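Using the working numbering, the first residue of the sequence shown is number 6, and each one after it goes up by one. Think of the CB as a built atom: it goes at the ideal place given N, C-alpha and C, for glycine as much as any other residue. All values reported here derive from a predicted model rather than from experimental measurement.
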Amino acid sequence: MPQLPPIVLDLDGVVLQTNLLKHRAMLSLFEDCPEQSAISEYILSNVGVRRDVKIAHILRTFARGSATDDLGHYLVAYAGKLEQLLRSAPLVPGVEDFLRSDRSFFLSSSAPEPEIELQLRSRGLWSRFERVFGASKPKAMALSEVHQASGSRPVFFGDSPPDLDAAVEAGASFVAVVFERDNFAGVPVVKLPDFTSAERVQYCIDAASRAVV
Numbered sequence: 006m007p008q009l010p011p012i013v014l015d016l017d018g019v020v021l022q023t024n025l026l027k028h029r030a031m032l033s034l035f036e037d038c039p040e041q042s043a044i045s046e047y048i049l050s051n052v053g054v055r056r057d058v059k060i061a062h063i064l065r066t067f068a069r070g071s072a073t074d075d076l077g078h079y080l081v082a083y084a085g086k087l088e089q090l091l092r093s094a095p096l097v098p099g100v101e102d103f104l105r106s107d108r109s110f111f112l113s114s115s116a117p118e119p120e121i122e123l124q125l126r127s128r129g130l131w132s133r134f135e136r137v138f139g140a141s142k143p144k145a146m147a148l149s150e151v152h153q154a155s156g157s158r159p160v161f162f163g164d165s166p167p168d169l170d171a172a173v174e175a176g177a178s179f180v181a182v183v184f185e186r187d188n189f190a191g192v193p194v195v196k197l198p199d200f201t202s203a204e205r206v207q208y209c210i211d212a213a214s215r216a217v218v
């Protein structure tokens, strides 16, 4: 039998239904800012971007604040708002069964490592991953490391344009998970609505593996 490619999953929007929760939490930091709609659209359009980068951009562009002086305060406030919300975040449908299949799984997320570990351990999923990469490791580098360690081109399941960019940079295959939001309108990528159909998931893996990145 041919070797199965290693599978790399993003966390938010791929394993956990957390993108809209995080959007709400981040937007609430700027509830007194008159440019709420522009901030909201920016957050939604930049899932997969590290939170410090997004908040710094909002401060500079919309809130007219000083990113250098205020960023730490906003990051602490954001983490506090998230703590309760994330505890009740549901899994993306079907992903738990997928993670229990006979494959090599890795995770690459822009979230902080302690947050990732807490969310995975609390759901009994930590042991399903051979290695977990967080915010300190850019996704393209994580994908390259998986490729080098396994000797096989990985398939990256992501939900944002930066995830696709990372896959292209690393030469990985890419499947766009569009359960919470389709961020790939007009982009020729393989799309997966959720993980409830094993046949559909396998079709997407095969199609992505054949695609040229």
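Linking S202 to G99 through their CA atoms gives a straight-line distance of about 7 Å.
Counted as a single uninterrupted DSSP element, the beta strand (DSSP E) harbouring F179 occupies residues 178 to 182. In the DSSP assignment, F110 falls within the unbroken beta strand (DSSP E) covering 110 to 113. Check the Cα spacing between D15 and each of R126, F111, A213, P119: the tightest is with F111. DSSP, reduced to helix, strand and coil, places F67 outside both helices and strands of the structure shown, so it counts as coil.
Annotated three-state conformation of D17 is strand, per DSSP. For V206, the three-state secondary structure derived from DSSP is helix. When only Cα atoms are considered, L169 and V13 end up about 12 Å apart. For secondary structure counted as the alpha helix (DSSP H) over 4 or more consecutive residues, the segment 74 to 129 holds these complete runs in sequence order: 100 to 104, 118 to 127. Residue pairing by DSSP places I12 opposite F110, V160 in a beta bridge. Annotated three-state conformation of K142 is coil, per DSSP.
Per the Cβ contact rule, the segment 171 to 178 is in contact with the segment 129 to 148 (3 or more Cβ pairs under 8 Å).
DSSP, reduced to helix, strand and coil, places L25 within a helical segment of the structure shown. In this structure, S178 lies away from R205, with their beta-carbon atoms at least 9 Å apart. With contacts defined as CB atoms closer than 9 Å, I210 and V183 fail to qualify as a contacting pair. Counting along the chain, L49 sits inside the alpha helix (DSSP H) bounded by residues 41 to 50.
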